[in-house]
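For reference, the structure discussed in these notes is given below.
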Amino acid sequence: DAMVIQNPRYQVTQFGKPVTLSCSQTLNHNVMYWYQQKSSQAPKLLFHYYDKDFNNEADTPDNFQSRRPNTSFCFLDIRSPGLGDAAMYLCATSRALGREQFFGPGTRLTVL
Amino acid sequence: TQLLEQSPQFLSIQEGENLTVYCNSSSVFSSLQWYRQEPGEGPVLLVTVVTGGEVKKLKRLTFQFGDARKDSSLHITAAQPGDTGLYLCASRARGGGNQFYFGTGTSLTVIP
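Chains as they are written, first to last, in the working numbering: chain S, 1 to 112; chain R, 113 to 224.
What follows is the structure in C-alpha cells.
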C-alpha cells in the first residue's frame with residue numbers, strides 16, 4: 001500500500017546532540033511537510049518542500065533544518081536539541097499545496 | 113499567525129450523546145478539511161468541503177461549510193468511544209500564499 005513512513009517511531013537524544021528524523025513516501029507526491037506537535041495541541045508547520053523548493057515558516061527556529069534528496073525522502077535535522085524540542089514530529093505529503101495531506105505515524109522525540 | 117480557531121478546545125461526553133465542534137476564521141477559504149487524529153498516530157483526512165453552504169455526511173458525522181466560507185462545523189450523532197481523538201480543521205487562505213494551517217484542535221473523549 002502507498003504510504004508515508006517515519007523512522008524511528010521513538011527517538012531519544014541528549015541535550016545539544018544533533019538528531020535526524022527520517023520520512024519516506026511511496027505516493028510520489030510533490031509536497032512534503034514537517035510538523036511539530038506538542039501534547040494535546042494542533043500540529044505546527046515547520047517547513048515544506050514543493051519538489052525541490054524549500055519553504056520555511058517564519059517562526060521556525062534556525063535550529064531546525066530539512067533536506068529532501070529526492071522525491072521519496074525528506075529529513076528533519078535538529079542541530080542542537082533543547083528540552084523544549086521534545087515533541088511528536090509528523091511528516092506529511094500531498095499531491096499539491098492545499099490538497100489532502102497524508103501523514104506518517106510520527107516520531108516521538110525525547111530530549112534528555 | 114493562527115487563522116483557524118476551534119471550539120471547544122476540550123470535550124468529554126458520554127457514549128450516545130451528540131456534539132458539535134466549530135472552526136472559525138476571519139479569512140475566506142477556498143476549501144476546508146477536517147482531520148481526526150487518534151492517540152499516537154498522524155491525522156487522517158475525514159472530509160473536504162469546497163462550496164459555501166455545503167453539507168457532507170460520513171456515517172454519524174455531518175460536516176457543514178459556512179455560506180461565506182469562513183467557518184465550518186462538525187456534528188457527531190450518538191458518539192461512540194471510537195470517536196475519541198483530536199479533531200482538526202485545516203485550510204489555506206484564499207490569496208494567502210502557500211501557508212497551510214491547522215486549527216487549534218478539539219480534543220474529544222467519549223466515555224463508555
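No residue lacks a Cβ here, since even glycine has one placed at the ideal position from N, Cα and C.
Per DSSP, the unbroken beta strand (DSSP E) holding S:MET32 starts and ends at 31-37. Pairwise C-beta distances place the region 100-111 of chain S out of contact with the region 165-173 of chain R, as fewer than three of them are shorter than 8 Å. With respect to the C-alpha of S:ILE78, the residue from S:ASP51, S:VAL4, S:SER66 and S:ASN70 having the closest C-alpha is S:SER66. Sequence-ordered contacts of the region 165-197 of chain R with chain S are nonexistent [C-beta pairs closer than 7 Å]. Counting along the chain, no beta strand (DSSP E) covers R:GLU166, and no H or E run does either.
Here R:LEU220 carries a strand assignment [DSSP, helix/strand/coil]. In the three-state scheme derived from DSSP, where H, G and I count as helix and E and B as strand, R:LEU200 is classed as strand. Here S:LEU83 carries a helix assignment [DSSP, helix/strand/coil]. Counting C-beta atoms within 10 angstroms of its own C-beta, S:MET3 has fewer than 16 neighbours from the protein chains shown and is therefore classed as exposed. Excluding its 5 nearest sequence neighbours in each direction, R:SER219 has C-beta neighbours in its own chain below 6 Å: PHE122 and LEU198, listed in chain order. At a C-beta separation below 7 Å, S:ALA42 has these neighbours in chain R: LEU200, PHE214, GLY215, THR216 and GLY217.
Around the Cβ of R:PHE175, a 10 Å sphere holds 16 or more other Cβ atoms; the residue is buried. Rounded to whole angstroms, the Cβ separation of R:GLY154 and S:GLY104 is 6 Å, and the two are in contact under 8 Å. The straight-line gap separating the alpha-carbon atoms of R:GLY215 and R:LEU173 is approximately 18 Å.
The C-alpha of S:SER39 is placed about 8 Å away from the C-alpha of S:MET88. Setting aside the 5 residues that flank it on each side, R:SER137 is surrounded in the same chain by LEU115, LEU116 and LYS182, each with a C-beta closer than 6 Å to its C-beta; the list follows chain order. In the structure shown, the three-state DSSP call for R:ASP195 is helix.
Under DSSP, the beta-bridge partners assigned to R:LEU186 are R:VAL133 and R:PHE175. A residue is called buried when at least 16 other Cβ atoms come within 10 angstroms of its Cβ; S:LEU83 does not meet this threshold and is exposed. Within the same chain, Cβ atoms closer than 7 Å to the Cβ of S:LEU90 are found at TYR35, GLN37, PRO43, PHE103, GLY104 and GLY106, the five residues on either side in sequence being excluded.
In the three-state reduction of the DSSP assignment, R:VAL140 falls in the coil class.
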